[in-house]
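As given, the protein sequences belong to chains A and B, one line each in that order.
In this text, residue positions in the first sequence follow the working numbering: the first is 352, and each later residue adds one.
In this text, residue positions in the second sequence follow the working numbering: the first is 352, and each later residue adds one.
Each residue gets a CB set at the ideal place from its N, CA and C atoms; glycine is no exception.
Predicted, not measured: the structure shown is a model, and the values here were computed from it.
Just below is one structure, and these are the notes that go with it.
There are 2 protein chains.
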Amino acid sequence: MPAASKPPAAKAGPAKPRRRNARAPAARPYHHGDLRRVLIDAALQLVGEGGPEAVSVREAARRAGVSPGAPFRHFPSRDALMNAVAEEAQRRFRAEIEAALSAAPAGDPLGRFRCLGLAYLRWAMKNPTHFEIISSRRFFDHDRASGVSQDNAELIDLTERMLAEAFAQGQLRVGDLKRVQIAGRALIYGFARMNIDGHFPRWGVTGADAGRTAEDVLDLFIEGIAKVPGKSA
Amino acid sequence: MPAASKPPAAKAGPAKPRRRNARAPAARPYHHGDLRRVLIDAALQLVGEGGPEAVSVREAARRAGVSPGAPFRHFPSRDALMNAVAEEAQRRFRAEIEAALSAAPAGDPLGRFRCLGLAYLRWAMKNPTHFEIISSRRFFDHDRASGVSQDNAELIDLTERMLAEAFAQGQLRVGDLKRVQIAGRALIYGFARMNIDGHFPRWGVTGADAGRTAEDVLDLFIEGIAKVPGKSA
DNA sequence: CAATCCGTGTAATCGGTGCTTACATTCACA
DNA sequence: TGTGAATGTAAGCACCGATTACACGGATTG
């Protein structure tokens, strides 16, 4: 397994020295400079264009203007590239979720739960292909201790705490929180999945309706578990 | 995939007419007999072994004992083969659903709804890879008028009628049936998807628990929409 | 029965793909 | 200033989907 000696460069990129001495030779320099980054971006673009299946190492190399073998200096396999792509998508997803949560009311755990669900759904529907590659775990490296598992564990813990708080404050009328949590996740995940799997046309949900329907469905679920049978927003 | 072994099908050169006149059914006849069927089965088996990605026309041909080009007499492309595979899986799924429904109580629409959901989940969890290929619509031929769309439309209509009946009988405490229907589908689909996408390990759900958890989650949803806050089974 | 048609198999081949190896170039640092 | 490590290229392997030309043989005819 060659080329596995590149993890340091993946750490918050901007520490790259200007390798090209001030003068710019119009001809492409022998060394690309930041091929790893460019390959991930090209792959992300390919995912956006034709789904995960449409990503080929050669095409990514082609778009990066580099020979077909070059990517293998940075990724030992196509799966490793997809892994990096998935981690990048996961990073963006996580950032959006955290931004949404930071703007959520602090004293209303059920409201925060709703806010989290909405942010999840909105991101998933705005970035369907990115969501696809982070949702099916086959693009993550299960052996290596990547940040993905940790990210997810944190998110799961977060919702667990939200629900526990909500229950403690008397916002819920059901006590089996683990069940509520899994059901909620299944609902939200299922909705996002139905979107990217192309189910909505046959459900009479158009793209314009999808966002509204997502909100409706989430509210229906929350009404189902909330103590007060009224609107929870 | 490794090179494997290429068994020399016919070591003889061109000077071998291979007379196979009426008398030898033991040796493989020139015409296979039911290659289409065998190819679909082989592909289904491949799906079961390594997911949809693991299906290759050549491997299916190899397992059917025919040359790599033979399958293209029956399927114009790999996608067409996958299409047939998906339709076969859909057929089996549909059969199981109908069997479960025929054994469901007639006078209790909400109970029938639950029964349908359970049958859906059980089949999806017992045949994860088959469920995968019928759930993401990319393996269906969207142009041709296949029975799949009709199947799904019928299933959707069926649940719609169930819910309408349940509401008419006063079993539901919510009136927006379309929303209930989509939420229910999202919940069930999401749960099945979480299973095949490998989410359960990080949710503390093991294979043994999965069936029980599926039932729990489905019941939680039904409790959320049912008028009487009791168990609905 | 014999001739023929045509559905269905084989063989050879093409371009695309992941991946490896050998070699070339350049950067970073002692 | 030299030198090794990092990172690019070139060539080539096996497998893949797909196409084409040809071979076989069952079914339909006269």
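Point to revise | CA-to-CA distance, Phe482/A to Phe490/A, given in whole angstroms | key: Mapped onto the first sequence, residue 490/A falls at position 139. Mapped onto the first sequence, residue 482/A falls at position 131. Roughly 12 Å separates the two Cα atoms.
Point to revise | 7 Å Cβ shell around Pro422/B - same chain, five flanking residues per side excluded | key: Position 71 of the second sequence holds residue 422/B. Only Leu390, Val408, Ala411, Ala412, Leu432 meet the Cβ criterion.
Practice item. Grab me the residues of Thr510/A's own chain with a C-beta within less than 8 Å of its C-beta, minus the 5 sequence neighbours each way, in chain order. Key: Stepping through the first sequence from its first residue, residue 510/A is reached at position 159. Here the set comprises Phe464, Leu467, Gln532, Gly535, Arg536.
Practice item. Would you mind reading off the limits of the alpha helix (DSSP H) that contains Arg463/B? Key: In the second sequence, counting from the first residue as 1, residue 463/B sits at position 112. 460 to 477 is the span of the alpha helix (DSSP H), which, as asked, contains Arg463/B.
Review point. Any idea if Ser453/B is buried or exposed, counting beta-carbon neighbours within 10 angstroms, 16 or more meaning buried?
Key: As a working mapping, residue 453/B is identified with position 102 in the second sequence. Ser453/B comes out exposed.
**Study point:** Spatially closest choice to Gly562/A from Gly526/A, Gly575/A, Asn546/A, by CA coordinates
**Key:** Start at 1 with the first residue of the first sequence, and residue 562/A comes out as number 211. Gly562/A has its Cα closest to that of Asn546/A, out of Gly526/A, Gly575/A, Asn546/A.
Practice item. Could you name each continuous beta strand (DSSP E) segment of 3 residues or more that falls completely within the stretch 500 to 525 of chain A, going from the start of the chain to the end? Key: Qualifying beta strand (DSSP E) stretches: none in this window.
**Study point:** Alpha-carbon to alpha-carbon, Gly549/A and Ala450/A
**Key:** Looking up residue 450/A in the first sequence gives position 99. Looking up residue 549/A in the first sequence gives position 198. About 28 Å.
Check your understanding: With burial defined as no fewer than 16 other Cβ atoms inside 10 Å of the residue's Cβ, what is the status of Ala437/B: buried or exposed?
Key -> The sequence position of residue 437/B within the second sequence is 86, counting from 1. Note on Ala437/B: 16 or more other CB atoms within 10 angstroms of its CB, so buried under the neighbour-count rule.
Review point. Does the beta-carbon distance from Pro403/B to Thr480/B come in below 9 Å?
Key: Residue numbering aside, residue 403/B sits at position 52 when the second sequence is read from its first letter. Residue numbering aside, residue 480/B sits at position 129 when the second sequence is read from its first letter. It is a contact, given that the beta carbons lie within the stated cut-off.
Point to revise | Neighbourhood of Gly555/B by C-beta distance below 6 Å, restricted to the same chain and skipping five residues each side | key: Numbered from 1 along the second sequence, position 204 holds the residue referred to as residue 555/B. The same chain holds no residue with a CB closer than 6 Å to that of Gly555/B once the five nearest residues on each side in sequence are set aside.
Point to revise | Contact with chain A by Arg413/B, beta-carbon distance below 9 Å | key: Indexing the second sequence from 1 puts residue 413/B at position 62. For Arg413/B, no Cβ of chain A is located within less than 9 Å of the residue's own Cβ.
Check your understanding: What residue ranges within the stretch 551 to 579 of chain A form continuous alpha helix (DSSP H) runs of no fewer than 4 residues, ordered along the chain?
Key -> Given a length threshold of 4 residues, each whole run of the alpha helix (DSSP H) inside the stretch 551 to 579 of chain A is given here in chain order: 558 to 576.
Point to revise | Amino acids of chain A, ordered along the chain, whose beta-carbon sits closer than 7 Å to that of Arg442/B | key: The residue labelled residue 442/B in the question sits at position 91 within the second sequence. Simply none; closest approach about 18 Å.
Check your understanding: If you compare alpha carbons, which of Gln441/B, Asp430/B, Leu538/B, Leu395/B is closest to Ser500/B?
Key -> Along the second sequence, one-based indexing puts residue 500/B at 149. Comparing Cα-Cα distances from Ser500/B to each of Gln441/B, Asp430/B, Leu538/B, Leu395/B, the minimum goes to Gln441/B.
Check your understanding: Tell me which same chain residues have a C-beta within less than 6 Å of the C-beta of Tyr471/B, skipping the five on either side of it?
Key -> Against the second sequence, residue 471/B aligns to sequence position 120. Excluding sequence neighbours, Tyr471/B sits near Ile539.
Review point. In this structure, does DSSP put Phe482/B in helix, strand or coil?
Key: Walking along the second sequence from the start, residue 482/B turns up at place 131. Of the three classes helix, strand and coil, the one that applies to Phe482/B here is helix, per DSSP.
Practice item. Please go through the same chain and pick out, in chain order, the residues whose beta-carbon is closer than 8 Å to the beta-carbon of Ala446/A, but skip the five residues on each side of it. Key: As a position in the first sequence, residue 446/A is number 95, starting the count at 1. Excluding residues within five positions, none has a Cβ falling inside 8 Å.
Check your understanding: So which residues on chain A does Arg530/B lean against when the C-beta distance must stay under 9 Å?
Key -> The sequence position of residue 530/B within the second sequence is 179, counting from 1. Taking the beta carbon of Arg530/B as reference, the chain A residues within 9 Å of it are Thr564, Asp567, Val568, Asp570, Leu571, listed in sequence order.
Practice item. Leaving aside the five residues before and after Asp430/A along the sequence, list all residues of the same chain whose C-beta is less than 8 Å from its C-beta, in chain order. Key: Start at 1 with the first residue of the first sequence, and residue 430/A comes out as number 79. If we look at Asp430/A and ignore the five residues flanking it on each side, its Cβ neighbours are Phe490, Asp492.
Review point. Are Leu571/A and Val525/B touching if we call contact CB-CB under 9 Å?
Key: Residue numbering aside, residue 571/A sits at position 220 when the first sequence is read from its first letter. Residue numbering aside, residue 525/B sits at position 174 when the second sequence is read from its first letter. Judged by beta-carbon spacing, Val525/B lies within the 9 Å limit of Leu571/A, meaning their Cβ atoms are closer than that value.
Point to revise | Backbone CA spacing between Leu506/B and Leu461/A [nearest angstrom] | key: Against the second sequence, residue 506/B aligns to sequence position 155. Against the first sequence, residue 461/A aligns to sequence position 110. Straight-line spacing of the CA atoms in Leu506/B and Leu461/A works out to 34 Å.
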